[in-house]
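Visitor:
In my numbering, the protein residues as written are 586 to 847.
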C-alpha cells in the first residue's frame, strides 16, 4: 500500500470518527428534507450519532416506538452501510435487534424481537381501525427489503389473546402462530391456531412479482362462543367437516403489475 492509499484510508477513518461523534439532533436536522415530511420521523433526539436515544418514533401521526436507544456500528460505514443496534423497553412496542441500510436503500433486519398491542401497531402502519384486538410478538431471524418489497424473510410471529372487538363484549378467538420462510424467492407464511375456540390452519405466499395468495380454513371448536359461528358464516357455507375457507389472491398494494410480453 503506497502513501496515497494510506492517506486516503486515514482520511476515511478521520471522517467517520468526526461524523459518529456529531450531535444526533444536528445531523438529523441537516439530513431531514425541508420540502416534504418523512414517512417515519424522530423526536426528542439525545446523544450522538454513535449512541443515543429518541423519545419517540412516529409514523402516520402515531407513536410506533417510545424511548428508542441505538448504537451505531461505525466500521460498517467503510462499506457504505449504516448498521444500528436498537432497543426499547417502553410501550407501545418493545424492541431489540439490529438493522442496516445500504447506499442503494436495501434494508436488512437481523435477530429482531418486537412485541406490542395489535391495534397500536396497526395504527402506526396506517390502519387506524381494526375490528380485532390482541398482543403481537415477532421473532425475526432475518429480513431483506429493497424498493419497498420483501426479498427474504425468516422468523415467526405470535398473536395472543386475539378477540373480535365489535360488539358489546369482545369475542375471544384464541392464540395463533405464523412461521415465515423463503422458498425459491417467495415468502411463505404457515398459519396455525395454538389454543382457543377457533381452529385455524393455512398458508400465505408472496411471489417475487408481488402477487400474493392466501388460503386459510377454520372452524369453531366445541363450546365456542355463540358469536363465533355467526362471524364465520360471513365466509360462506362450511364443508362437510365444518371448515370455513378464506381464499384471496392479488397484487400487493403499491406494486407495479407485470408488463405484458410484446
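All residues carry an ideal CB built from backbone N, CA and C; glycine is no exception. Quick caveat, the model's predicted, so the values are computed rather than measured.
Is the closest heavy atom of the ligand SAH to the C-beta of residue 633 under 7 Å?
Guide: Looking at this structure, you won't find the ligand SAH or any other ligand, since it has none at all.
Visitor: Within its chain, find whatever has a CB closer than 6 Å to the CB of residue 670; leave out the 5 residues flanking it on each side and keep chain order.
Guide: On the chain shown, position 85 is the one that residue 670 refers to. Once the five neighbours on either side are set aside, the close Cβ partners of residue 670 are 656 and 683.
Visitor: Could you spell out the range, first to last residue, of the beta strand (DSSP E) harbouring residue 805?
Guide: Indexing the chain shown from 1 puts residue 805 at position 220. Taken as a continuous stretch (DSSP letters only), the beta strand (DSSP E) holding residue 805 covers 796-805.
Visitor: Just to confirm, are residue 640 and residue 632 a CB contact at a threshold of 8 Å?
Guide: Translated into the one-based positions of the chain shown, residue 640 becomes position 55. Translated into the one-based positions of the chain shown, residue 632 becomes position 47. Contact: no.
Visitor: Nearest-angstrom Cα distance between residue 784 and residue 600?
Guide: On the chain shown, position 199 is the one that residue 784 refers to. On the chain shown, position 15 is the one that residue 600 refers to. If I take the Cα positions, the gap works out to 58 Å.
Visitor: Of the choices 688, 642 and 769, whose alpha-carbon is the least far from that of residue 732?
Guide: Sequence index remark: in the chain shown, residue 732 carries index 147 (1-based). Closest by alpha carbon: 688.
Visitor: Hey, how far is the Cα of residue 737 from the Cα of residue 774?
Guide: By one-based count along the chain shown, residue 737 stands at place 152. By one-based count along the chain shown, residue 774 stands at place 189. Rounded to whole angstroms, residue 737 to residue 774 spans 12 Å at the Cα level.
Visitor: With 16 other CB atoms within 10 Å as the buried threshold, where does residue 807 fall?
Guide: Locating residue 807 in the chain shown gives position 222, counting from the first residue. So residue 807 counts as exposed.
Visitor: Do you know offhand how far residue 667's Cα is from residue 748's?
Guide: As a position in the chain shown, residue 667 is number 82, starting the count at 1. As a position in the chain shown, residue 748 is number 163, starting the count at 1. Looking at the two C-alpha atoms, the distance is approximately 39 Å.
Visitor: With the cut-off set at 8 Å, would you say residue 739 and residue 767 are in Cβ contact?
Guide: Working through the chain shown from its first residue, we reach residue 739 at position 154. Working through the chain shown from its first residue, we reach residue 767 at position 182. When the beta-carbon positions are compared, residue 739 and residue 767 come within less than 8 Å of each other.
Visitor: Taking the alpha-carbon positions, what's the residue 837 to residue 707 distance?
Guide: The residue given as residue 837 occupies position 252 in the chain shown. The residue given as residue 707 occupies position 122 in the chain shown. Spanning the two alpha carbons is a distance of roughly 17 Å.
Visitor: Only counting runs of 4 or more residues, tell me where the alpha helix (DSSP H) segments fall wholly within the stretch 660-695, in order along the chain.
Guide: List check, alpha helix (DSSP H) in window: nothing returned.
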